[in-house]
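What follows is a single structure, written as structure tokens, with notes after it.
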Amino acid sequence: MSADDSQACKVDRVCERWGLDDIDAKLRDRRQNSDASLRDLEAYFNQRVLEAAMRDARAEIIEGEVENTYYLLTADDVSSGSKIEVNDRLRRSGVDPEAVTSDFVSYQTIRTHLQECLGVDTSYEPNVTTSDAKNTVFKLLSRTEVITERTINRLRSAGHVAISDVDVTLSLRIACTKCGEEYTFSRLLERGRCNCASDVEK
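If you count the sequence shown from 1, position 137 lands on 145 in my numbering, and the numbers rise without skipping.
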């Protein structure tokens, strides 16, 4: 490793490793134009790293999977069994979870990168963050999946349903009552607005 490489910030090193060429522009835009918090940007960056690793492994990626996988890998309230399961699933897909998570960055690292590398102001934080919203909703979805799976297993044991082992996956869609457009929860937060509100300030 050269002296320049050793002095580069972690965000730059990770971007080079995973080919995230446009990430600086996206981080700047989300901070300056969408009021993204540092924790929002931390989650966004790490999810792009995870997505790049999954694409490199040619893993099939369905909408919302990257966000949910990231939540399972990093959330404090996820059980150790669930973390082991998601790590095993990544390995079966050809992704090295240890290599990926070692490239995850903290919000402090994001702050340093914004300030020192991009010259972006980090002195304010919005009151409500999309990161907090995602954590709340994904926590509820994960809990509901677990409860549903346990309930089905109890019904099966009681002879009320006939089915082998089950894997419960819930999806959440948001519909705009004005235009009828539908979005996944993650997609709506990523866009920041509905198509019919494209000319209206958020």
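The beta-carbon is built from N, C-alpha and C at its ideal position, and this holds for glycine as well.
Just so it is clear, the structure is predicted and the values come from calculations on it, not from any experiment.
With a cutoff of 8 Å on beta-carbon distance, Leu-81 and Thr-109 are scored as near each other. DSSP places Thr-159 within a helical segment (H, G or I) once states are collapsed to three. Straight-line spacing of the CA atoms in Leu-180 and Cys-187 works out to 18 Å. Restricting attention to Lys-18, Leu-28 and Arg-38, the CA atom closest to the CA of Val-128 is found in Arg-38. Arg-36 is positioned such that its CB atom lies closer than 8 Å to that of Leu-126.
Around Ala-141, the same chain offers Leu-197 as residues with beta carbons nearer than 7 Å, after the five sequence neighbours per side are excluded. Secondary structure of Thr-109 (DSSP, three-state): helix. In this structure, Glu-189 places its C-beta atom within 8 Å of the C-beta atom of Asn-203. In the three-state reduction of the DSSP assignment, Tyr-191 falls in the strand class, which pools E and B.
Contact between Ala-60 and Leu-98 does not hold, since the beta-carbon distance rounds to 13 Å and is not under 8 Å. Here the segment 48-60 lies against the segment 111-120, with 3 or more beta-carbon pairs under 8 Å apart.
For Cys-184, the closest alpha carbon among the candidates Thr-177, Phe-193 and Val-176 is that of Phe-193.
In the DSSP secondary-structure assignment, Ile-69 is not bridged to any residue.
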